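Undergrad: Okay, handing you the structure first.
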Amino acid sequence: MKQYDLIVTGGGIIGLATAYNTLKDHPHFKVAILEKESSIAQHQTGHNSGVIHSGIYYKPGSLKAKNCVLGVQKLLEFCNAHDISYDLCGKLIVATSQEELPRLKELFRRGQANQVTGLKMLNAQEIKKLEPYAAGIEAIHAPNTGIVDYKKVAQTLYQEILRLGGDVFFNQEVTGVKDESQGVLVFSKEKEFSTKFLINCCGLYADSVARKTGSSLKDKIIPFRGEYYYLKPSKAHLLKGLIYPVPNPKFPFLGVHLTKRISGEVEVGPNAVLAFAKEGYKKSDINIKEMGHYLKYSGFWSMVKRHWKVGFYEFYRSYFKSAFLKDIQRLMPDIKEQDLVPGGSGVRAQVVSPNGQMVDDFLIHSSSKVVNVLNAPSPGATSCLAIGAELKNRLNSKIKTIDGIQV
């Protein structure tokens, strides 16, 4: 059995970025990724909308704010170095009513506190100059928001990991973890792996893997499906960049918006409905066992009590296209129902605490030999290289204190 210095569980973009950062810093290390699927980036990364977020939304000083702003810089440098196409097409966050203006101004303040560059407040006439078909009374323009294909980023990270000498094992779902004096044993159905350190980047299953490591984690991951439509190609000209509504500050989702893809398609969405399976990409996807995990969780019912009105509306909007259209027409009135064609979906891994709070920041727990990345939703993809560097730094501190190796 090969002895590894680091095993990363999960071959999504954060797991890949973590392995890549570690191998770049420590080329002599033996590093492996264990991925339960037959290829990389099959879940949150592969269903991502492709937005490079600027960092405007997040509470100053939070892990999201710090890692998003730094992550944009690192991501663009990586894309430039590896000839990955991206487009800093800019984004408008649009207020369509007087009631939204205080929240819009608070977002602008946050963006400035987070040192997001280029932000500008626009009036209705200035909105029309940038997005002729948009509606709104005031908006924030974030010119350094962009779009990229995160699958291509993930694939390039994967190739770099192999080039740097890392191993990637597919079809290796983690079934158990055992702490030993010299490190950690990681078990799959067919194999056993030995490592000095383990970093858990398992996304939707990060909480269950964390418990296998011996973590006393009380929070649980609840899956939320985001469903999209596409604009018909004949209507794609209506959008120049990205248009978002002013988000609900009590709900950690950004609201239904319009997103230009790097492919040229225009995506409309997503909503945020409770999924009945952790990989429940379709309405018909149901996993009774996984549902049982959250239906028996007091934090889930506390969340329902707090957000049941919003949750009911999300389900309503999921089943009635007219409700979806109504929200989009607030941002772009010229879109008609026949302009929307069914698109894809993704599932967000959202940590919910025992008191029913949806954890809004990134959540990373560390022990002597294990780091668990528990909550890394949007802007997780934008922040991947910054998060990977943060996890590598945590590993460095563990090596210094446990192994005595100079790093």
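Numbering (my numbering), first residue to last: 2 to 408. Just so it is clear, CB atoms sit at the ideal spot from N, CA and C, and this is done for glycine as well. Everything numeric in this text was worked out from a predicted model, so none of it was measured.
(1) CA-CA distance, G166 and V9?
(2) Would you decide whether Q45 is buried or exposed? Buried here means 16 or more other CB atoms lie within 10 Å of its CB.
(3) For the alpha helix (DSSP H) containing R110, name the first residue and the last one.
(4) Alpha carbon to alpha carbon, how far is G62 from A114?
(5) Decide if the segment 223–240 is in contact with the segment 379–387; the criterion is three or more beta carbon pairs, one per stretch, under 8 Å apart.
(6) Which class does E268 belong to by DSSP, given the choice of helix, strand or coil?
(7) Comparing alpha-carbon positions, which option in S98, G256, D220, N145 lies nearest F301?
(8) Quick one: grab the DSSP three-state call for P234.
(9) Does the segment 386–393 come close enough to the segment 51–71 that 3 or more CB-CB pairs lie under 8 Å?
(10) With the cut-off set at 8 Å, would you say D84 and I263 are in Cβ contact?
(11) What is the DSSP secondary structure of S367, reduced to helix, strand or coil?
(12) Round the Cβ separation of L332 and A33 to the nearest angstrom and send it over; I've been treating them as touching at under 8 Å.
(13) Check this for me: beta carbons of A96 and A140, under 8 Å apart or not?
(14) Suppose the cutoff is 6 Å on Cβ atoms and the five residues either side in sequence are ignored; what does the same chain contact list for G405 look like?
(15) Classify T176 as helix, strand or coil using the three-state DSSP reduction.
(16) Just to confirm, is the Cβ distance from I53 to T146 under 8 Å?
(17) So is W164 buried or exposed if we call it buried at 16+ other beta carbons inside 10 Å?
(18) Measure the CB-CB distance between N288 and S319 and report whether it falls below 8 Å.
(19) Of all the CB atoms in chain D, is at least one closer than 8 Å to the CB of Y314?
(20) May I ask you to list the residues that DSSP assigns as paired with Q1?
(21) From L199 to L364, what distance separates their C-alpha atoms?
(22) Ignoring anything shorter than 4 residues, give me the alpha helix (DSSP H) runs that lie fully in the segment 271–327, in order along the chain.
(23) Contact defined as beta carbons within less than 8 Å: I believe S367 pairs with F171. What is the distance between those atoms, to the nearest angstrom?
(24) Which of helix, strand or coil does DSSP assign to L93?
(25) Among residues of its own chain, excluding the 5 on either side of K310, which ones have a beta-carbon nearer than 8 Å to its beta-carbon?
(26) Whose C-beta lies closer than 8 Å to the C-beta of G281 among residues of the same chain, with five residues either side of it excluded?
(27) Curious, which full-length beta strand (DSSP E) runs of at least 3 residues does the segment 114–193 contain?
(28) From this set, S346, E36, A82, which residue's C-alpha is nearest K283's C-alpha?
(29) What residue range is occupied by the uninterrupted beta strand (DSSP E) comprising S346?
(30) Look at the Cβ atom of V117, then the Cβ atom of V70, and state whether they are nearer than 8 Å.
(31) Where does the unbroken beta strand (DSSP E) through L35 begin, and where does it stop?
(32) Kindly indicate the opening and closing residues of the beta strand (DSSP E) around T260.
(33) Measuring alpha carbon to alpha carbon, tell me which of A276, L17, H29, Q173 ends up nearest Y5.
(34) For F109 and P103, what's the separation of their Cα atoms in angstroms?
(35) What's the gap between the Cα of L259 and the Cα of K190?
(36) On the three-state DSSP scale, how would you describe V52?
TA: The short version:
(1) 14 Å
(2) buried
(3) 102–114
(4) 9 Å
(5) no
(6) strand
(7) D220
(8) helix
(9) yes
(10) no
(11) strand
(12) No, L332 and A33 are not in contact; Cβ-Cβ is about 45 Å, not under 8 Å.
(13) yes
(14) Any reading at G405 is ruled out, since the residue's pLDDT is 46, under 50, leaving its predicted position unreliable.
(15) coil
(16) yes
(17) A small correction: the amino acid at residue 164 is Arg; Trp does not occupy that position in the sequence shown. By the 10 Å Cβ count, R164 comes out exposed.
(18) no
(19) You won't find chain D in this structure, because it holds only one protein chain.
(20) Missing from the structure shown is residue 1; the chain here goes from 2 to 408 and no further.
(21) 16 Å
(22) 289–296, 299–320
(23) Between F171 and S367 the Cβ distance is about 27 Å, and since that is not below 8 Å, they are no contact.
(24) strand
(25) none
(26) P224, R226, I287, N288, V348
(27) 121–124, 139–143, 147–149, 168–170, 177–181, 184–188
(28) S346
(29) 341–353
(30) yes
(31) 32–35
(32) 258–261
(33) H29
(34) 10 Å
(35) 42 Å
(36) strand
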